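J.:
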Amino acid sequence: MKQVVLRNGQAVVEEVPAPALLPGSVLVRVAFSCVSPGTETATLATTEVKMGLGLVKSALRHPDKVRQVLTSLRTRGFRATRALVEGRLGFGSAVGYSCAGIVAEVGEGVESFRPGDRVGCAGSGYANHAEAVVVPQNLAVTVPAQVELLPAATVTLGAIALQGVRRAQPALGETIGVIGLGLLGQLTAQLLKAAGCRVVGLDLQRARVDLARSLGMDEGLVPTDGDPGERVRNLTEGYGLDAVIITAATRSDEPVNLAMRLARRKGRVVVVGDVGLGLQRPEMYRKELDLLMSTSYGPGRYDPLYEEGGLDYPYAYVRWTENRNMAAYLDLVAGGTIQLVSLLAAVYPLTEAAAAYQALRAEGGPLTVLLQNPLPAEDRPLSRRIVLPSRTAAPTGRVRVAIIGAGGFAQSTHLPNLKQLADRYEIRAIVSRTGTTATAAARQYGAAVAATDYREVLDDKEIDAVLICTRHDLHARQAADALRAGKHVFLEKPMAIERDELAELYKTIRDLRAAGICPAFLVGFNRRFSPCALRAKDIIAGRLHPLLIRYRMNAGPLPPDHWVNGPEGGGRAVGEACHILDLFRSLTGSPAEGVTATPIRPQSAACRADENFVATLRYRDGSVCTLMYTALGARDFPKEAMEIYADGKVLALDDYRSLEIHGGKGAGLRTSLQDKGHRAELEAFHRLVTGQAEAPMTPEEMVEVTELSLAIRDQVRTGGFLPPEMRGTER
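Pasting the structure below:
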């Protein structure tokens, strides 16, 4: 299918695989999508690389990216960091957040829609400019029968305007100003008129003021014609405006300060557009003004439980959610309260997106443009796989691999490492939830196939192995499916996040083994492959006594709503601490007999017990290992450290940069860059797949480590002292 991508300041139409249908979502064939004149032109500007700036410098211009780039420079070096930044900037960005079309498929758990329904859709990253989109059910609404799909494509902008009006709390008969009469301002003015207000609009372009007046706005002001403050005082008997809604988009502080000058004492100023907020305090203080922000389309916005999880807010307590705002706007369009004919004159085919954006950015251009897709006469299936020209033929002996899940970790770690191991691996296919990411990554790394559904690559006979890097809750099922399809599997940790998933995956491995079918299987417990860990294991080989190991992981906090701590992640004990449990297993060379985990007792919700705990493990050979996992530490303190006490020696590992040896013989190790073993584990997987070496760990060891992590998670959640549960695997 075709989709618009912004790259280096240009709108490009690309051929990408159709998005995969997700539970709780609908697949929509898009008829029209609306280009936001503020948000998307700003996004277009930020993708430009101006004045000969290099790509790395371009990334550094954004403060939120500085820490990531500096960390990568420190741990990976300049070449790897440059490649990473160039790759991410070269990906471009999918755009669009308002569209309308016909439902083609409904996902599991969706009851509000059926194939054939006409819907309006919202959401950045969902309601894109494309032939088809997958949208969570709370970001889609039914289009009334009286409304065509073209005006329905403005549903997101209408909901934004409606939420801004609700924040202003207009009362019948009030005089309210609107600063900025672009599309949002035009809609806001009409909504205020419908609420029984007198509306005063301001814009630098006289044509926009005249247009708004023709649609019912009471008074229009052009600042260059004279002092707006004096005009407003004359209109309001000297008092000023009851409220001012700012729908302009500019970095300037002038709109917000102008709004405060125009507002009456104890009035309201509502910020809808992206404007500067350098406030002049005297005016605000003297008038005792209320400054209010309006968050996009309404309650539910930026809440993943609402938008992605499908959790609705109670009608009695949250009357106007973003979904209900969207529906209310379309009802107003259906009833004729909102007039759109004169606002939506510019319609371009999707294939002419570049011309549409150029028209929108031109001086005196249209308020907005819409992109049109001709809907097929019959419901043809959408392809979730495309074939790209492959750069090189595979030399003999290379393992042909498909990457399932091309998120941040795959892009920053596994894909660059596979590229460096091009004599051993051919990246045959890349699978990602979004077609734009899959296609961009496939092009960057020379893959022949881009897909959005992992099942598309399991039947490909030209793929030998899969590397699974999806979110944690998908790992076990996808790995089992791949093994049953005869693929070798490299599964990023964790192996599973629930015991029933773990049991099913282990059963699949045992059943295949019993049938004489033995695809290679390896979980990405990479710490054991690091140079420091391998050196430590060599030094303690042949020891006489058990080990005593103390490990510290200064992990740092995650945002409260981070997916790792939700149903998709399974928690940090399962998702990250499992690395260290596997390292303990490798160093001791012995099965675990039990684990005790003790969390802190937080005094507030700002501190989580499940990311601040101490776990002590006892091993069959008598060794005892302790993991202290914390999110309470400083970011500038090294993340990981380990001390191994063995036969009169102390081995001290510092953040996988150095290993010092105290007592006895044996040289330590120091590396120029941090090395946690990611490349080495891919080398080990290649040897396993090609039969050059035995598995570095057995399925039973990987299951044991996962069971221990689940036991730690359970104990941390309950605060209890319980033996590890080893249910469901029957080893």
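Just so we're aligned, residue 84 is where the sequence shown starts under my numbering, counting upward by one.
Virtual Cβ for every residue (Gly too), placed ideally from N, Cα, C.
Bear in mind that the values here come from a model prediction, so they are computed numbers and not experimental data.
1) Is Lys-748 buried or exposed, if buried means 16 or more other CB atoms sit within 10 Å of its CB?
2) In chain order, which beta strand (DSSP E) runs of at least 3 residues are fully inside the stretch 421-484?
3) Span of the alpha helix (DSSP H) holding His-745?
4) Considering only residues of the same chain and omitting the five flanking positions on each side of Asp-301, which have a CB-CB separation below 7 angstroms?
5) From Ala-530, Lys-570, Asp-414, pick the residue whose C-alpha is nearest to that of Ile-228; which is it?
6) Does Lys-544 pass the burial test, meaning 16 or more other C-beta atoms within 10 Å, or should it be called exposed?
7) For my contact list, Arg-610 and Ile-663 are in at a C-beta cut-off of 8 angstroms; report their separation, rounded to the angstrom.
8) Determine the DSSP secondary structure at Leu-287, reduced to helix, strand or coil.
9) Would you check if the stretch 484-492 and the stretch 510-523 touch, i.e. whether three or more CB-CB distances between them fall below 8 angstroms?
10) Should Gln-798 go down as buried or exposed, given a rule of 16 or more other Cβ atoms within 10 Å for buried?
11) Quick check for students: name the residue ranges of the beta strand (DSSP E) that lie wholly in the stretch 175-210, counting only runs of 3 or more.
12) In whole angstroms, what is the alpha-carbon distance linking Gly-751 and Lys-732?
13) What runs of the alpha helix (DSSP H), each 4 residues or longer, lie entirely inside the stretch 646-692?
14) Does the distance from the CB of Arg-296 to the CB of Leu-324 come in under 8 angstroms?
15) For Thr-333, which residues in the same chain have their Cβ closer than 6 angstroms to its Cβ, ignoring the five residues on either side in sequence?
16) Is Cys-601 buried or exposed, if buried means 16 or more other CB atoms sit within 10 Å of its CB?
17) Assuming Ile-632 contacts Phe-667 (C-beta within less than 8 angstroms), just tell me the rounded distance between them.
18) In whole angstroms, what separates the C-alpha of Ala-717 from that of Asp-738?
19) Classify Phe-612 as helix, strand or coil using the three-state DSSP reduction.
20) Less than 8 angstroms between the beta carbons of Ala-213 and Met-409, yes or no?
21) Please report the residue range of the alpha helix (DSSP H) in which Gly-312 lies.
22) Can Val-96 and Val-189 be called in contact, C-beta distance under 8 angstroms?
23) In this structure, how does DSSP classify Leu-240 when only helix, strand and coil are distinguished?
24) Going by the beta-carbon positions, is the gap between Tyr-380 and Ile-185 smaller than 8 angstroms?
25) Have a look at Ala-177 and Gln-775 and give me their C-alpha separation to the nearest angstrom.
26) So Tyr-431 and Gln-455 are supposed to be a Cβ contact under 8 angstroms. How far apart are they, rounded?
27) Assign Ser-425 to one of two classes, buried (16 or more other C-beta atoms within 10 Å of its C-beta) or exposed (fewer than that).
28) Return the residue from the list Ala-251, Leu-274, Ala-254 that minimises the CA-CA distance to Thr-420.
29) Identify every residue that forms a DSSP beta bridge with Met-636.
30) Go ahead and label Phe-115 buried or exposed: buried means 16 or more other beta carbons lie within 10 angstroms of its beta carbon, across all protein chains shown.
31) Could you round the C-beta distance between Ser-466 and Pro-102 to whole angstroms and report it? I think they count as a contact, below 8 angstroms.
32) Helix, strand or coil for Lys-133? Go by DSSP, reduced to three states.
33) Would you mind sorting Arg-753 into buried or exposed? The rule is 16 or more other CB atoms within 10 Å of its CB.
34) I'd like the list of long-range same chain contacts for Gly-135, defined as Cβ closer than 7 angstroms, with 5 residues on each side in sequence excluded.
T.: With the given structure in hand:
1) Exposed is the call here.
2) Entirely contained in the stretch 421-484, the beta strand (DSSP E) runs reaching 3 residues are, in chain order, 430-432, 452-455, 468-470.
3) Counting along the chain, His-745 falls outside any alpha helix (DSSP H), though it belongs to the beta strand (DSSP E) covering 741-745.
4) So the list reads Arg-281, Val-282, Val-283, once near-sequence residues are dropped.
5) For the record, residue 228 in the displayed sequence is Ala; it is not Ile. Relative to the Cα of Ala-228, the nearest Cα in the group Ala-530, Lys-570, Asp-414 belongs to Asp-414.
6) By the 16-neighbour rule on beta-carbons within 10 angstroms, Lys-544 is exposed.
7) With a Cβ gap of about 7 angstroms, Arg-610 and Ile-663 count as contacting.
8) In this structure, Leu-287 counts as coil in the three-state DSSP scheme.
9) These segments touch.
10) Note on Gln-798: 16 or more other CB atoms within 10 angstroms of its CB, so buried under the neighbour-count rule.
11) Listed in chain order, the complete beta strand (DSSP E) runs (minimum 3 residues) inside the stretch 175-210 are 181-189, 201-205.
12) Gly-751 and Lys-732 have their C-alpha atoms roughly 12 angstroms apart.
13) Fully enclosed alpha helix (DSSP H) runs of 4 or longer: 655-658, 660-671.
14) Contact flag unset, no.
15) Only Val-358 meet the Cβ criterion.
16) The Cβ neighbour count for Cys-601, taken over all protein chains shown within 10 Å, is under 16; the residue is labelled exposed.
17) Ile-632 to Phe-667, Cβ: 6 angstroms. Contact.
18) For Ala-717 and Asp-738, the gap between their C-alpha atoms comes out near 14 angstroms.
19) Three-state DSSP puts Phe-612 in a helix.
20) Using a Cβ distance threshold of 8 angstroms, Ala-213 and Met-409 do not count as a contacting pair.
21) Run containing Gly-312: 311-318, per the alpha helix (DSSP H) assignment.
22) No, the Cβ-Cβ distance between Val-96 and Val-189 is not below 8 angstroms.
23) Looking at Leu-240 - three-state DSSP - the assignment turns out to be helix.
24) Note that the C-beta distance between Tyr-380 and Ile-185 is not below 8 angstroms.
25) About 43 angstroms.
26) So it is a contact: roughly 7 angstroms between Cβ atoms.
27) Answer is exposed; the Cβ neighbour count stays below 16.
28) Residue Leu-274 is the option with its Cα nearest to Thr-420.
29) When DSSP reads this structure, Met-636 sits in a beta bridge with Tyr-712, Glu-723.
30) It is buried - the Cβ of Phe-115 has at least 16 other Cβ atoms within 10 Å.
31) Beta-carbon to beta-carbon, Ser-466 and Pro-102 are separated by about 11 angstroms, too far to satisfy the 8 angstroms threshold.
32) Because the pLDDT of Lys-133 is 41, which lies under 50, any placement of that residue in the model is unreliable, and the question is left without a value.
33) Looking at its Cβ environment, which holds fewer than 16 other Cβ atoms inside 10 Å, Arg-753 is exposed.
34) Note that Gly-135 has pLDDT 42, beneath the 50 cutoff, so the model's placement of it is unreliable and no number is given.
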